[in-house]
Every structure is written in structure tokens, then in C-alpha cells.
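Numbering of the sequence shown is given in the working numbering, commencing with residue 1089 and proceeding in unit increments.
C-beta: ideal position from N, C-alpha, C; glycine also.
These numbers come from a predicted model, not from an experiment.
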Amino acid sequence: MLKLLVALAAVVAAFSVARSARAGDAIAISVRDRLLNLDVHDVDGRAFIPMAPVVEAFGAKLEAVADDTLSVCVEDDVCSIVRTDGTDDRIAGDGDARLVALSAVPELFRAHFDWNDASDVIALAPGADPGAARIGKGDPMPDVTLPDMDGAPVALSGYRGKRVIMYTWASW
1089 MLKLLVALAA VVAAFSVARS ARAGDAIAIS VRDRLLNLDV HDVDGRAFIP MAPVVEAFGA
1149 KLEAVADDTL SVCVEDDVCS IVRTDGTDDR IAGDGDARLV ALSAVPELFR AHFDWNDASD
1209 VIALAPGADP GAARIGKGDP MPDVTLPDMD GAPVALSGYR GKRVIMYTWA SW
């Protein structure tokens, strides 16, 4: 649930900035201490920016998977698939003129999004994929309170220093 909320917050923040940027404007985006000044293009009332400089700044790979499909790979095994046949509203144009929706950049490039009011710059932190926020083997478990079989709340911290097996089930 936390992953979903973090991803949703990033998209909402990007969308709100993207809606305020208009065609003909320029927008500043910071990626890995590199400042990109990109022209904003209006496509169906949405803000789009040139894709090539963003791909280059992230060190991403843009590869054709099929005639109408591209993969955007930020890391070797972390890729997003986009369709170039007009059915994917995150991409517009083709070749060097390919544009990406400003609101889709955090999702496609697996980046954390932050707006700097003082300098009017969008800061993107590559590799900050909300889906990567997980507990690994050996990591301390956060304090969780769940109901027991009778419905009484039980805090995980009450078992500190003991081995605990957590069994969960979901109907979906």
C-alpha cells in the first residue's frame, strides 16, 4: 500500500507541474547534477518534453522491442514498455522528435520527483523506484500491530528478541 501511495504522490506532483507548464515555455529539470532546459510542447492539452535529452541524462537505453513498441531501460533489468502506435498517451512523435509526457517521466524512468520552488527546477533522482522500497532478508521489521485470531491487537515489538513467523493471506 505504501508503494502505491508513494507512486501516486509522484504522479500527482508531476501532473500538477505538467499542467501548469504550457507550450512555448521552457522547463528546467535536474538529473544527476545536470541541468536540462527543455522546451514544453502542447499535445492534446498536456505538457510534453523532448525524450532524447531525458534518456541521455538518465543514462537509459531506448530500444525497439517491436515495430510499434519501445523499452525504456534505466537499469539492466528495470524497463518500462511504451507503445509508439498512438495508443500510449505517454509518448508522442517519433525518432529524434519523440516527446514524453512530463507527467510520465517519474514512472518511465523510475525516478523520484521533487519540485524546487526557489529555483523553479524539477529535480529527478534516478533509481528511486517506489517499488524498490521493501524489507530485505536480515533487515529489521518495522513495528506492526495486527489482530490475532480473536481480533485483539498484537504488536510485533512485543516479540522482540524472539523468532517470529508471520503468515499472511489475501483473497486477490
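- Excluding sequence positions up to five before and after residue 1243, its CB lies within less than 6 Å of the CB of 1233, all in the same chain and listed in chain order.
- Contact check for residue 1152 against residue 1184 fails: the beta carbons are separated by 9 Å or more.
- Residue pairing by DSSP places residue 1253 in no beta bridge whatsoever.
- CA-to-CA, the gap between residue 1253 and residue 1121 works out to about 44 Å.
- Residue 1168 has its alpha-carbon roughly 14 Å from the corresponding atom of residue 1142.
- The C-beta distance from residue 1170 to residue 1187 rounds to 12 Å, too long to fall under 8 Å, and the pair is not in contact.
- Between residue 1127 and residue 1113, the alpha-carbon positions lie close to 6 Å from each other.
- Here the alpha carbon of residue 1148 sits roughly 21 Å from the alpha carbon of residue 1173.
- Secondary-structure assignment with DSSP links residue 1126 through a beta bridge to 1115.
- According to DSSP, residue 1201 shares a beta bridge with 1212.
- In this structure residue 1194 is buried. Its beta-carbon is surrounded by 16 or more other beta-carbon atoms within 10 angstroms.
- Residue 1191 counts as buried, since at least 16 other C-beta atoms from the protein chains shown sit within 10 angstroms of its C-beta.
- In the DSSP assignment, no residue is bridged to residue 1244.
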